[in-house]
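Working notes for the structure below.
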Amino acid sequence: MSKMKKVVVIGGTGLIGSKAVKLLQDAGHEAIVASSRNGINAYTGEGLADALAGADAVIDVSNMMSFDTAVITDFFGTSSRNLTSAEQATGVRHHVALSIVNADQLAANPYMAGKLAQEQTVASSGQAYTIVRATQFHEFIETLAGAYSADGVVNVPDIDFQPIAADDVAAALVEAALGEPKNGTVDLAGPERATFESFIRAYLGSKSDARPVAADAAVDYFGAPVVAGSLVPGGGYIKGRVTVAEWLKA
Ligand SMILES: NC(=O)c1ccc[n+]([C@@H]2O[C@H](COP(=O)([O-])OP(=O)(O)OC[C@H]3O[C@@H](n4cnc5c(N)ncnc54)[C@H](OP(=O)(O)O)[C@@H]3O)[C@@H](O)[C@H]2O)c1
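Under numbering that gives the first Met the number 0, the first residue of the sequence shown carries the number 0, and numbering increases by one thereafter.
Structure representation (structure tokens):
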């Protein structure tokens, strides 16, 4: 087995973070579960120096939701600045951040603007890093279906979609954190690419939800204009293994 490493998972109690923590522990590594509720706060800086002491890598999967661009860019920018500064001060050699495929092209969407601020802060920090950009999670499809629902109909953008299971995202992040920094970005997407509409229909169908689903070229991605490839990788990417059907069955 390779040498045991200490990895701090910022957002270690969340959907992706808890899975990353388990994978690290199962492989014999030390995983520090960091979240604001347990006194380790990336945004305020509270508890960071102690948590990061002696760590080999940090995986940042913290999250906050806001539809206000200033609030969300401040959260991701400030947190990333605090983390990369604390890493440099304590000698942590690798920062791994989870972002979203094509965040730079979708920055008219406030949340994507926040992820772009995170990416830019990490890339300009001077800290060795890997940014993993994932597509939307299987676990996020229900939220998307709800957000695009109005008057009993689900109208979604007329674009491609390639969701990925949270398990596959966590595995890719752990592999990145245990490897060498790329000082760049890698894309990550699920095993199937099809229309956004078809995934929403399959998901609702599995829940016996008979709401009609339609693709509408006038519908954007929460404020960001879209083209066919807006939510899928444009070049090479790491491919996840779990299909939506397998995930639903599990
Ligand atoms: N949803 C998608 O389809 C998708 C796609 C690609 C990428 N992503 C990215 O995936 C990441 C993880 O998402 P998720 O769904 O796993 O998030 P989540 O379940 O909402 O968990 C968020 C975690 O962040 C922690 N946190 C929040 N503020 C913090 C702070 N100031 N300091 C330290 N920890 C903090 C939370 O714990 P406390 O509340 O205790 O602080 C929690 O552990 C996000 O960055 C998101 O942008 C999501």
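We put the CB at the ideal spot given by N, CA and C, even for glycine.
Rounded C-alpha distance that separates residue i from residue j
i, j, result
"GLY233", "GLN135", "15 Å"
"ARG192", "ALA88", "42 Å"
"MET0", "GLY38", "Any answer about MET0 is weak, because its pLDDT of 47 lies below 50 and its placement is not dependable; what the coordinates show is given next. If I take the Cα positions, the gap works out to 32 Å."
"LYS5", "LEU105", "34 Å"
"ASP157", "GLU196", "7 Å"
"ASN182", "TYR128", "5 Å"
"VAL226", "ASN101", "11 Å"
"ILE140", "TYR236", "21 Å"
"ASN40", "GLY239", "30 Å"
"THR83", "ASP219", "34 Å"
"LEU47", "LYS206", "42 Å"
"PHE75", "LYS114", "7 Å"
"VAL8", "PRO224", "33 Å"
"ASN62", "ALA213", "30 Å"
"GLN117", "ALA133", "14 Å"
Residue i Cβ short of 7 Å to ligand 1 heavy atom set
i, result
"SER61", "yes"
"ASN154", "no"
"SER35", "yes"
"GLY222", "no"
"ALA133", "yes"
"THR129", "no"
"LYS21", "no"
"GLY151", "no"
"THR184", "no"
"LYS114", "yes"
Close Cβ partners of residue i (< 7 Å) along its chain, the five nearest in sequence each way excluded
i, result
"GLY151", "ARG210"
"PRO180", "HIS93, ALA127, TYR128 and THR129"
"MET3", "GLY27, HIS28 and GLU29"
"SER17", "GLY11"
"SER229", "ASN101, GLN104, LEU105, ILE158 and TYR220"
"ALA170", "LEU22"
"ALA112", "THR68, ILE71, THR72 and ALA106"
"ALA201", "VAL243"
"GLY13", "VAL60 and ASN62"
Residues that DSSP places opposite residue i in a beta bridge
i, result
"PHE139", "DSSP lists no partner for PHE139."
"LYS5", "GLU29"
"GLY183", "THR129"
"THR194", "ASP159"
"ALA56", "VAL6 and HIS93"
"LYS238", "ALA188"
8 Å CB neighbourhood of residue i in its chain, flanking five on each side removed
i, result
"LEU172", "ILE15, ALA19, ILE58, VAL60, VAL95, LEU97 and VAL131"
Selected residue, minimal CA-CA separation from residue i, among the options
i, options, result
"ALA217", "ALA30, THR83, ASN154 and GLU45", "ASN154"
"SER148", "ILE199, ALA169, ALA133 and GLN117", "ILE199"
"HIS137", "GLY46, PHE160 and VAL185", "PHE160"
"PRO162", "ALA213, THR242 and MET111", "THR242"
"GLY204", "LEU247, GLY90 and GLN117", "LEU247"
"VAL168", "THR194, GLY189, GLY222 and ASP215", "GLY189"
Cutoff 8 Å: residue i Cβ touching any chain C Cβ
i, result
"LEU23", "Among the protein chains of the structure shown there is no chain C, as only one such chain exists."
Same chain, Cβ closer than 6 Å to residue i, neighbours up to 5 away in sequence not counted
i, result
"SER65", "ILE71"
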